[in-house]
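Chains as they are written, first to last, in our numbering: chain E, 53 to 180; chain X, 53 to 180; chain G, 53 to 180; chain S, 53 to 180.
Pasting the structure below:
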């Protein structure tokens with residue numbers, strides 16, 4: 053941030069967190085609803101990772117489909133595939149914005165897929 | 053179709069074409085908007101194929117991202133990725149429903165991505 | 053169809069069913085995953101109807117969100133919204149293609165959202 | 053944040069910005085690709101606003117479809133509808149997280165739809 057910025061301007065760390073949030077919303081709402089089975093899970097994981105890594109400031113995306121959970125649901129079902137939704141996903145997204153590194157994660161918590169910021173590092177990098 | 057069916061009931065061939073249309077609408081609207089670059093095109097092609105092949109009666113899906121078209125757009129752009137849309141796609145979907153095989157295709161025609169039924173075979177398979 | 057067409061060419065009725073399928077796949081995979089609550093259901097119904105009615109050959113789309121089902125799910129939940137999915141939807145789509153009218157419907161059957169062709173009328177309209 | 057938190061823990065303002073980013077990614081990738089015409093723009097605007105306002109900490113969403121831009125594109129086209137994408141959208145999303153208010157916006161800049169944080173207020177609200 054420049055020295056004449058308003059105090060309501062976002063810091064680099066805040067902008068980094070905003071960028072990380074965009075990636076999570078994109079990943080979830082682009083791919084939720086995709087037909088998925090244990091056999092097709094690996095190709096979808098890879099496509100999700102590579103698609104989101106295209107976005108600006110995104111240094112790493114790791115997607116794991118919880119195939120155990122998927123198999124458990126399909127075992128109770130007449131179908132052999134289902135739709136991708138949050139309870140089948142574990143995701144980590146790392147964003148680097150102006151030297152500020154933000155690690156964010158989505159995982160199940162109390163029965164809901166929760167997205168959250170794990171850590172913010174390099175907050176004062178823009179002060180130099 | 054059973055012999056006491058109403059004449060407005062769909063034939064197997066008509067039901068097969070309906071199923072093929074569902075797959076095309078699914079493929080397009082599930083994945084359009086995905087961030088894509090020449091480097092990530094291959095993983096998205098694969099994921100699209102395997103996802104749609106999960107759906108009932110779908111025997112084969114072939115997706116080719118037109119990377120030449122993608123590279124041409126990015127060459128004129130300040131960005132190094134774009135969003136997946138119809139002009140970057142060539143898709144063939146084959147459906148088999150009750151012995152009726154339908155081949156459907158999407159490709160650019162006069163500047164628009166056009167989805168159409170290429171062939172319907174085995175129409176009288178249900179007459180036996 | 054012209055008289056010199058191949059026997060594997062689709063009939064108008066088959067093409068009409070293909071078009072109807074596209075609309076269903078579009079509707080479902082464009083909007084599944086949308087955050088929804090009883091209060092926002094009406095605006096989403098309307099937007100889904102008007103969006104799909106834009107598509108070629110689509111004469112009428114009727115979307116009803118099953119708010120009773122939505123409320124039942126939310127009553128068991130700590131959240132006050134959920135994601136749109138098939139069990140909350142009843143949809144009817146009517147397509148007219150070259151004089152052939154196809155009525156298609158999605159509703160729950162045995163616990164699954166099933167899309168199907170209800171009726172095909174005007175099959176011989178292209179024979180004149 | 054509790055007093056024994058690690059210095060890499062997110063501040064409330066950073067968490068607020070992450071939440072705002074999620075809403076933007078959701079809005080864009082849930083609805084991009086929707087068939088849209090000048091006539092259907094109003095119902096989609098309303099549905100987008102109400103859908104995203106369901107999400108946690110989201111106090112206000114304002115969506116304007118740039119119908120002038122839409123009409124200009126359709127005037128050059130054989131079609132009477134197109135797909136929703138960033139250049140047709142102006143969006144403002146306000147998030148309130150633990151007393152921290154973040155205003156975020158998407159608009160065209162140099163030919164690209166740019167999402168950014170406009171202001172962050174109430175940063176020290178959690179210090180009390």
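For glycine and all other residues, C-beta sits at the position ideal for the given N, C-alpha and C.
Where residue 123/G falls: helix, strand or coil (DSSP): helix
Is the Cβ of residue 65/E closer than 7 Å to any Cβ of chain S? Output row for residue 65/E: interface = yes.
Quick one: does residue 180/X have its CB under 7 Å from some CB of chain S? Here residue 180/X scores only 41 on pLDDT, less than 50, and its place in the model should not be relied on; the value that follows carries that caveat. Judged by the 7 Å Cβ criterion, residue 180/X is not in contact with chain S.
Quick one: what's residue 145/X bridged to in DSSP? 113/X and 156/X
Under 8 Å, with one C-beta from each stretch per pair, do the region 139-148 of chain E and the region 104-119 of chain E reach the 3-pair mark? yes
Same chain, Cβ closer than 7 Å to residue 87/E, neighbours up to 5 away in sequence not counted: 133 and 135
Below 7 Å on C-beta distance, what does residue 124/S contact in chain X? Result: empty, since nearest Cβ-Cβ is about 17 Å, beyond 7 Å.
Taking beta-carbon pairs under 8 Å, can you tell me which members of the region 69-85 of chain X lie near chain G? 69, 70, 71, 72, 73, 74, 75, 76, 77, 78, 79, 80, 81 and 82
In three-state terms, what does DSSP make of residue 59/G? coil
Please tell me whether, using a cut-off of 6 Å, the distance from the CB of residue 165/E to the nearest non-hydrogen atom of the ligand GDP is below it. Within the structure as shown, the ligand GDP is missing, as the structure has no ligands at all.
Please report the straight-line C-alpha distance between residue 175/S and residue 158/S, rounded to a whole angstrom. 23 Å
Quick one: Cα of residue 171/E to Cα of residue 91/E, how far? 34 Å
For residue 58/G and residue 130/S, what's the separation of their Cα atoms in angstroms? 29 Å
Is it true that the region 72-80 of chain E meets the region 93-112 of chain X, where meeting means three or more beta-carbon pairs spaced less than 8 Å apart? no
Extent of the continuous alpha helix (DSSP H) run through residue 98/X: 93-105
Residues in its own chain within less than 7 Å of residue 148/E by CB, not counting five upstream and five downstream? If we look at residue 148/E and ignore the five residues flanking it on each side, its Cβ neighbours are 109 and 111.
Could you check if residue 103/E is buried or exposed, using at least 16 other CB atoms within 10 Å of its CB as the buried criterion? buried
According to the neighbour-count rule (16 or more other Cβ atoms, all chains shown, within 10 Å of its Cβ), is residue 166/G buried or exposed? exposed
Return the CA-CA distance between residue 70/G and residue 168/X, expressed in angstroms with no decimal places. 8 Å
Can you tell me the Cα-Cα spacing of residue 53/G and residue 150/G, whole angstroms? Residue placement at residue 53/G is flagged as unreliable, the pLDDT there being 45, under the threshold of 50; a coordinate-derived value is accordingly withheld.
What in chain E is Cβ-close to residue 98/X, meaning under 8 Å? 95, 98 and 99
Backbone CA spacing between residue 68/X and residue 81/X [nearest angstrom]: 20 Å
Distance check for residue 62/G and residue 173/X, CA to CA, integer angstroms please. 9 Å
State the CB to CB distance for the pair residue 106/X and residue 89/E, rounded to an integer number of angstroms; the pair is presumed to be in contact (CB under 8 Å). Sure, about 5 Å apart at Cβ, within 8 Å.
Just the chain E side, please: which residues come within less than 8 Å of residue 102/X by C-beta, in chain order? 91, 92, 95 and 96
Exposure label - residue 64/E; buried when at least 16 CB within 10 Å: buried
Does any residue of chain S have a CB that is nearer than 7 Å to the CB of residue 164/G? no
Beta-carbon proximity check, residue 84/G vs residue 156/G, cutoff 7 Å: no
Per-residue burial, residue 161/E [other beta carbons within 10 Å of its own, 16 or more giving buried]: Note on residue 161/E: under 16 other CB atoms within 10 angstroms of its CB, so exposed under the neighbour-count rule.
Hey, residue 121/S and residue 140/S: beta-carbon distance below 7 Å or not? One thing to note: residue 121/S has its Cβ within 7 Å of the Cβ of residue 140/S.
By Cβ distance below 7 Å, which residues in the same chain neighbour residue 119/X in space, the five residues on each side in sequence not counted? 90 and 93
Residue-level contact to chain G via CB, residue 147/X, 7 Å cutoff: no
Cβ atoms of residue 66/E and residue 66/S: under 7 Å apart, would you say? yes
Looking at residue 127/G and residue 99/S, is the spacing between their C-beta atoms short of 7 Å? no
Quick one: is residue 101/S buried, meaning 16 or more other Cβ sit within 10 Å of its Cβ, or exposed? buried
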